[in-house]
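Take the sequence shown: its position 34, counting from 1, is numbered 34 in UniProt numbering, and each next residue is one higher. Ideal Cβ positions, reconstructed from N, Cα and C, are used throughout, including at glycine.
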Amino acid sequence: VSPEGVDIVLDCLYGEECNRCYHLLKPMGKYIMFGSSNLVTGETKSFFSVARS
Numbered sequence: 001v002s003p004e005g006v007d008i009v010l011d012c013l014y015g016e017e018c019n020r021c022y023h024l025l026k027p028m029g030k031y032i033m034f035g036s037s038n039l040v041t042g043e044t045k046s047f048f049s050v051a052r053s
């Protein structure tokens with residue numbers, strides 16, 4: 001993508017590619033996760049209940 005890295009990663013899936021995408025960041029880059037549907041399996045929970053635990 002960019003040999004020196006990227007300033008921001010926008011991740012709507014948070015899956016297996018998370019680690020690879022994280023390493024694309026420049027120092028002090030931002031990793032933003034949204035739409036965390038892959039974090040929860042089974043019973044549906046809100047993002048806020050997952051974040052509290």
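_I need the DSSP call for Tyr14, collapsed to helix, strand or coil._
coil
*In the DSSP assignment, find the beta strand (DSSP E) that holds Pro27 and state where it starts and stops.*
25-33
_For Gly35 and Gly21, believed in contact at Cβ under 8 Å, the rounded distance_ = A quick correction: the sequence has Cys, not Gly, at residue 21. Actually they do not touch by this definition, with Cβ atoms about 14 Å apart.
*Under 8 Å, do Ile32 and Val6 count as touching if we go by C-beta distance?*
no
_Length of the line joining the Cα atoms of Pro3 and Gly15_ = 23 Å
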